[in-house]
Amino acid sequence: MAIKERIDKQHRYPWAVIETAVQFYFQNNMTFRSVSEKMLAHGVEVSHKTIYEWVQKFGDKIEKKNRKRIPNYEVEESYIKCNGSWKYMYRACDRHDATLSICMRDKKNLSSAKSFFKKSLEIN
Numbered sequence: 001m002a003i004k005e006r007i008d009k010q011h012r013y014p015w016a017v018i019e020t021a022v023q024f025y026f027q028n029n030m031t032f033r034s035v036s037e038k039m040l041a042h043g044v045e046v047s048h049k050t051i052y053e054w055v056q057k058f059g060d061k062i063e064k065k066n067r068k069r070i071p072n073y074e075v076e077e078s079y080i081k082c083n084g085s086w087k088y089m090y091r092a093c094d095r096h097d098a099t100l101s102i103c104m105r106d107k108k109n110l111s112s113a114k115s116f117f118k119k120s121l122e123i124n
């Protein structure tokens, strides 16, 4: 809270406006001019140069704060025959299709899926 109050005193715009503009830039992959136009549509007139300076000054802090904490990966479920018996195979892979973890279970139920997710999150 002390940092927010200090920033509010040092800058013309409140911290909420600065944070929103920088979030628009990073999350929507917008140009500085398009962020300026979007802020104008919300009733705040900010130049593209000012938004550039905010991104340079506060970009790292805001991006780290808003970064997703859960890794982005997909889980595939297959029913395969292994050593003569049928088993459920769970495979977690990232967006480049690299395998992160694999788990095989005899039964398909919620507890086995939850344990696989927990182990996958701990490993990665």
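The numbers in the UniProt record's numbering rise by one with no breaks, and the one at position 102 of the sequence shown is 102. Glycine included, every Cβ here is placed at the ideal spot set by N, Cα and C.
> Going by beta carbon distance, what residues of the same chain come within less than 8 Å of N72, once the five residues before and after it are set aside?
Replying inline: D94 and R95
>> Restricting to Cα atoms, I'd like to know which of M39, H11, Y90 and E74 is closest to D97.
In response: E74
> If you run the structure through DSSP and keep just helix, strand and coil, what is K65?
Replying inline: helix
> Quick one: complete alpha helix (DSSP H) runs, 4+ long, within the segment 73-123?
Replying inline: 110-123
>> If contact is defined by three or more beta carbon pairs under 8 Å, each pair taking one atom from either stretch, is the segment 45-54 in contact with the segment 77-96?
In response: no
> Using the beta-carbon count (16 or more within 10 Å), is Y25 buried or exposed?
Replying inline: buried
> What separation, rounded to the nearest whole angstrom, lies between the Cα atoms of T99 and R33?
Replying inline: 40 Å
> Between the Cα of Q56 and the Cα atoms of S78, A21, E77 and C82, which residue gives the shortest distance?
Replying inline: A21
> Which residues in the same chain have their Cβ closer than 8 Å to the Cβ of Y52, if we skip the five residues on either side of it in sequence?
Replying inline: F32
>> Let's see if you can read the secondary structure: which residues bound the alpha helix (DSSP H) around S36?
In response: F32 to A41
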